[in-house]
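Protein chains in written order, with the working numbering: chain A, -19 to 533; chain B, 6 to 289; chain C, 9 to 324. For each residue, glycine too, the CB sits at the ideal point set by N, CA and C. On a predicted model such as this, the values are computed, not experimentally measured, just so you know.
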Amino acid sequence: MTGNLVEIRNLRVEATTDSGRRVEIIKDVTLDVAEGEIVALIGESGSGKTTIAMTLMGYARPGCRMTGGEVRVAGVDMVRLSETERAGIRGTTVAYVPQSAAAAFNPALTIMDQVIEVARIHRLMSATQAKAKAISLFTALSLPGPETIGDRYPHQVSGGQLQRLAAAMALIGNPKIVIFDEPTTALDVTTQVEVLRAFKAVTSQHGIAGVYVSHDLAVVAQIADRIVVLKDGEVQETGTTSEILKDARHPYTQELLAAFRPTVQERGPENEAATSGPLLQVDNLTVGYGARLRDGKPLVSAVQSVSLRLDRGRNLGVIGESGCGKSTLARAIAGILPAHAGDIMFNGRALGKAGRSRTRDELRQIQIVFQHADTALNPAKSVEDILGRPLTFYRGMRGNARDARISDLLDLVRLPKSVRHRRPGELSGGQKQRVNFARALAAEPTIILCDEITSALDTVVAAAVIELVKELQRELGLSYIFISHDLSVVEAICDEIIVMYRGQKIEEIAPARVKAPEHPYSRLLFSSVPKLDPTWLDTLHQDAEQVRTYCHR
Amino acid sequence: MTKPASSDRPGIRFGYRANLVGLSALCIILLWVVVALFAPRIIPHSVGEIVDADFFGPMSRDLWLGSDYLGRDTFSRILMGARYTLGISLAAVCIACFSGVALGMTAAVAGGWYDTVLSRLLDALNSIPSKLFGLVVVAAVGSSIPALIATLSVIYTPGAYRFARALAVNVNTMDFVLVARIRGEGLPYLIGSEILPNILGPVLADFGLRFVFVVLLLSGLSFLGLGVQPPYADWGALVRENIGGLPYGAPAVIFPSLAIASLTISVNLLIDNLPSRVRDRSVE
Amino acid sequence: MKKQISSLVMRRLLIALITLVIVSFAVFFATALLPGDTATILLGQSATPEAIEGLRNAMHLNDPAIIRFLKWIAGILQGDFGTSYANNVPIATLIHGRFANTMKLAGLTAAISVPLALTLGITAAMWRGTLYDRLVTVGTIGIISVPEFMIATLAVLLFAVYLRWLPALSFTNEIKSFHDLLRAYAMPVVTLTFGVSAQMIRMTRAAVVETLNTPYVEMALLKGASRPRLVLKHALPNALGPIVNSVALSLSYLLGGVIIVETIFNYPGIAKLMVDAVSTRDLPLIQTCAMIFCLGYLALITAADIIAVLSNPRLR
């Protein structure tokens, strides 16, 4: 066969919006994938990377149509084929590993049933042979209990395991190329390492080509041979991995790389804070859910005896993986979820545990900003109403004074005046998060609790929001408690970092020692964060004992 | 700028998109509303007047829909019947939906004992088949028009409550309600300003559906002789009185049914084809 | 797992029981509100004040309401439904035959409508968006929107008046052959089937379409599965719970439809008995018939709820 395994030429895809308008979402894209090569499609959300990847199977999501160009896979143009012919190619020549394996597995069927389904649909081999092959794939992907894991149902298996099972499901038909659609985005960093290793091993062993879709440059750097940078449905730049990482030419690629390494700001001297006493002091806080047991402890303890201290003008970061209790901690401090035990002292005075037992002023001074701006902003209200309400409520502002203050707030968060009359549904993710922030600022607080505010945003947009947060601190003298699972974000802003695991604070890291944690879990966590170095994954050594203890495999 | 730049579909005006089916359904409904309002002024013959010596007379130029079992003009009786069918149903569904939505929202936001007790009680009411309840209660308190309206409202309040409560519970879990709560906002503000605007759309659709249920139940009760009593007649009662004409295929027994069908089908079509607000994400 | 399932089921049954108590309370008091003093009505011509007082005492009508309610419940639990006011016959005998008749009608309707509706609903979902689907959708909306007496009258017009295939009224007493049976039952069953099937088709279709819109069905499509395979192997196992739920709910619709149908076609069932009892204000009969209806309705709704809970695959 001459040429490449995959050849996309001048691809155009159109989508129909709710109003009936047709918008071109993929504009004249051309790219190649050679045999055995892994090509990454990098871009932010809306760049069209998943749409392009899916055209390799001749599939367009409902509402989208392939309107032009050709997509040749192993010589066959997927655009021209009939639906039945496309079905014949899916699973056999081209296979797909979905983004959320948990959603992609049918909860009513066993795992083995679904893994060997491709073999059954296309009659590639008998059921017994398929099962044997599946088990060998499970072993190759380092899954626990490969002989029996197939008999389980999807909800009985963890996320990381499901992701690898999805890979086995894709490989069972011996495809020539596999599409990986952001497969590790939903996983914790510590799990991600294992899964990435498994993918890399299996694809190189069988010489399978791959298209890896992601927004995370560091992850992609570990596994891809070539990178294609996309924005708004157009190719911005292509090149080998090392070319892109070291010698990017296109301004957009440079912007992406810059967003990846946020600048760590010089932190001011610690002396100032010590004289005036801590702004916020939390002692042995225990927060939980469910009924109270006989000894007063809650049924499920989300936070166990955590203590922390925040000084005026400083920032505290709380980092940990999903389920460690960091969000619960923030909510307890804000008064949303009353703590069961422990004390919270604000400016030397004890705070009531529940919001109801605090004064309006105390509630005003500690504000919380949530992760998902879509649910944090009332979709039925305009930005003006959303920002105006706290002003009226806390300060009794009305009329012109209120309008002027709203304009001030919009300026503070660098939003244009035209946003005032819009509803949240008409704003982008970054804009919504800024409005979210402005609403917190409207109360003129002292402390802002940032609960994973950048986790739902694209890297470039998130970097801009982080810059905004830093500027606001300088201008308004705020103090932050910054909660995240993303270490780079926390390092960029925070003076001190607390590491949490399963509800407990396991380490407190002062500014000077941020690069060298002591506790084994912290070390494991920090070392699992991918770096922009293609050799990082291969040279990574993590103690197997620690991995077993701390990770949900 | 929220106006779409180019429009491929006809009917895009002021950012709304309407379609033909929805519009025609709306016209039919409005037509019946007008008829109900002005019936006494537009009927050609008085409703009690016997205009035909023959009963179950055929459709003619003078009697557009023929005559009924006593020789009265069917067309006029149907037009007058619109007042009762629409009037009673509309009154009942307004009361039912208003109380149901108000109670549902309060239960969702307040939670606790209030919610549990109210939900159990209303669920129990919901467990009585509506026709049965209607039968028994109407037999007990009579078929006067206020009694009918009251009975119908009580039967359909639990359904409106359940629906509104489910919607409100969903909205209640959103972060923006949490933000308002932690600000210290009170119950009335939470219900009126945060929750209500977000459930208004589906609640209105439910209103329409419930209207259809009420019309059908009212007609059914009248058909059994327990609804609107003579000399007044709504469409269901008209079918009842003229049922003797069925073997002859008389228009007097068919057309009242068709009137009911036209109203209920139009409401259903309108709900399915509501003009939808176009809110495209504009370029920043 | 087993403990979780059985506790969920027990909870549901307990709620049903509480509801039953509240409902029987409501029925009792609604009928107790019926106008006209019962004793006066019964005595008719010979209603002198002393006679009325005497009868009231004999019938315990002067006891406080709660006592009467409890006595009534006690009676029911022992199988004593009281005596009909209208014709002084024990209600149990009156109901017996009629109940069986209504059950026959309901049973026949269910036997026909369930397979019909399931097939139409599932196939309409399988080929959603096609002309077939649109026809089915329009048809079911049309049927659901109109009152049952309209379907009945149209059926009579079509089959009895124009085509003359079937008799307009049902004569269940003169059945000598299978042919007679068909002719007698055809119209009531046809009318009821239309209504019940329409509800079932809509709900079944919605349940299947909802499972077809999931990520795992999309994944199966991306593995190369064909449409029938997607529906039968992937969607149906997950839609089974909601489908059975919709079958139970649609069958509860029968309880309302049967009232109209038995009246129009003069069918000697329990619904017609109740409608007649309401016109003659026969208190005990109304109460008993109402309780039977409510019991049936509650049984169906509770069964539907329990099935919905059990069908959650995470409970395995």
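Mind checking which residues open and close the alpha helix (DSSP H) that includes Q136 (chain A)? Segment: none, Q136 (chain A) is in no alpha helix (DSSP H) and carries neither H nor E.
Using 10 angstroms around the beta-carbon of T439 (chain A), count the other beta-carbons present and answer buried if the total reaches 16, otherwise exposed. Counting Cβ neighbours within 10 Å, T439 (chain A) comes out buried, since at least 16 surround it.
Pull up the DSSP beta-bridge partners for E72 (chain B), would you. Note that residue 72 (chain B) is Ser in the sequence shown here, rather than Glu. DSSP links S72 (chain B) through a beta bridge to B:D78.
Mind checking H135 (chain A): buried by the 16 CB within 10 Å criterion, or exposed? Counting Cβ neighbours within 10 Å, H135 (chain A) comes out exposed, since fewer than 16 surround it.
Here's the rule I'm using: 16 or more other beta-carbon atoms within 10 Å means buried, otherwise exposed. How should I265 (chain B) be labelled? By the 10 Å Cβ count, I265 (chain B) comes out buried.
Residue range of the alpha helix (DSSP H) that V51 (chain A) falls in? Going by DSSP, V51 (chain A) is part of no alpha helix (DSSP H) but of the beta strand (DSSP E) stretching over C44 to V53.
Alpha carbon to alpha carbon, what distance is there between H242 (chain C) and V144 (chain C)? Straight-line spacing of the CA atoms in V144 (chain C) and H242 (chain C) works out to 23 Å.
Using the DSSP secondary-structure output, state which residues sit across from Y374 (chain A) in a beta bridge. For Y374 (chain A), which the question treats as bridged, DSSP gives no partner whatsoever.
Simplified DSSP assignment, three categories, for I536 (chain A): Any property of residue 536 (chain A) remains undetermined from this structure, which presents chain A solely from -19 to 533.
is_contact[I187 (chain B), chain A] using C-beta, thresh 8 Å: Yes, I187 (chain B) lies at the interface with chain A (some Cβ there is under 8 Å from its Cβ).
For the region 101 to 115 of chain B against the region 182 to 202 of chain B, are there 3 or more C-beta pairs whose distance is under 8 Å? Because the criterion of three Cβ pairs below 8 Å is met, the region 101 to 115 of chain B and the region 182 to 202 of chain B touch.
Does DSSP put G115 (chain C) in a helix, in a strand, or in coil? Three-state DSSP puts G115 (chain C) in a helix.
Between the region 134 to 156 of chain B and chain C, which residues of the former have a C-beta closer than 9 Å to a C-beta of the latter? When C-beta distances to chain C are compared with 9 Å, the residues of the region 134 to 156 of chain B below that value are P134, S135, K136, L137, F138, L140, V141, V142, V143, A144, A145, V146 and G147, in chain order.
If the cut is a Cβ gap below 7 Å, which residues of chain A does V184 (chain B) touch? Proximity of chain A to V184 (chain B) at the Cβ level (cut-off 7 Å) is accounted for by A356, in chain order.
Could you name the residues of the region 57 to 77 of chain B whose beta carbon sits closer than 9 Å to any beta carbon of chain A, in the order they occur along the chain? Correct list: empty, as no residue qualifies.
Below 6 Å CB to CB, which residues in the same chain sit around R2 (chain A) once its five sequence neighbours on both sides are set aside? Answer for R2 (chain A): E(-6) and T(-4), listed in chain order.
Going by the CB atoms, is the gap between I207 (chain A) and G190 (chain A) shorter than 8 Å? Cβ distance not < 8 Å, so G190 (chain A) and I207 (chain A) don't count as in contact.
Going by the beta-carbon positions, is the gap between V272 (chain B) and I34 (chain B) smaller than 8 Å? Yes.
Given this structure, state the Cα-to-Cα distance separating V258 (chain B) from R245 (chain B), to the nearest angstrom. Rounded to the nearest angstrom, the two C-alpha atoms are 8 Å apart.
So for T111 (chain B), helix, strand or coil by DSSP? In this structure, T111 (chain B) counts as helix in the three-state DSSP scheme.
How about P87 (chain A): is its C-beta nearer than 8 Å to some C-beta of chain C? By this cut-off, P87 (chain A) is an interface position.
Do you know how far the Cα of L84 (chain B) is from the Cα of M299 (chain C)? The alpha-carbon separation between M299 (chain C) and L84 (chain B) amounts to approximately 39 Å.
Which residues, in order along the region 92 to 117 of chain C, keep a beta-carbon less than 7 Å from a beta-carbon of chain A? In summary, no residue of the region 92 to 117 of chain C has a CB separated from any CB of chain A by less than 7 Å.
In chain order, what residues of the same chain lie with their CB nearer than 8 Å to the CB of K180 (chain A), ignoring the 5 residues before and after it? Correct list, in chain order: Q202, I203 and L517.
Can you tell which of A:G48, A:R382 and A:S362 has the C-alpha that lies nearest to the C-alpha of N416 (chain A)? Per the C-alpha coordinates, the member of A:G48, A:R382 and A:S362 positioned closest to N416 (chain A) is A:S362.
From this set, A:T73, A:V19 and A:M325, which residue's C-alpha is nearest D57 (chain A)'s C-alpha? Looking at the Cα atoms, A:T73 is the closest of the given residues.
Beta carbons nearer than 8 Å to chain C: which residues of the region 226 to 237 of chain B have them? For the region 226 to 237 of chain B, the set of residues with a beta-carbon nearer than 8 Å to any beta-carbon of chain C comprises F228, L229, G230 and L231, in chain order.
Can you give me, in chain order, the residues of the region 243 to 260 of chain B that have a beta carbon less than 9 Å from any beta carbon in chain C? The region 243 to 260 of chain B vs chain C, Cβ under 9 Å: V244, R245, I248, L251, P252, Y253, G254, V258 and I259.
By the 7 Å beta-carbon criterion, what residues does the region 325 to 344 of chain A contribute toward chain B? Those would be G335, R340 and L343, in chain order.
Y39 (chain A) (DSSP reduced to helix, strand or coil): Shown here, Y39 (chain A) sits in coil according to DSSP, grouped into three states, outside any helix or strand.
So with CB distances below 9 Å, who are the chain B contacts of V283 (chain C)? Neighbours of V283 (chain C) on chain B, chain order: L140, L229, G230 and L231.
Taking CB distances under 8 Å as the criterion, tell me whether A339 (chain C) reaches chain A. No answer is possible for residue 339 (chain C): it lies beyond the span of chain C, which begins at 9 and ends at 324.
Hey, would you say E342 (chain A) sits closer than 8 Å to L357 (chain A), going by beta carbons? Using a Cβ distance threshold of 8 Å, E342 (chain A) and L357 (chain A) do not count as a contacting pair.
Rounded to a whole number of angstroms, what is the C-alpha to C-alpha distance between Y304 (chain C) and I314 (chain C)? This sequence places Gly at residue 304 (chain C); Tyr is not what is there. For G304 (chain C) and I314 (chain C), the distance between alpha carbons rounds to 15 Å.
Would you identify the three-state DSSP class for A125 (chain C), choosing helix, strand or coil? Taken through DSSP and simplified to helix, strand or coil, A125 (chain C) comes out as helix.
Return the CA-CA distance between W37 (chain B) and G203 (chain C), expressed in angstroms with no decimal places. Looking at the two C-alpha atoms, the distance is approximately 26 Å.
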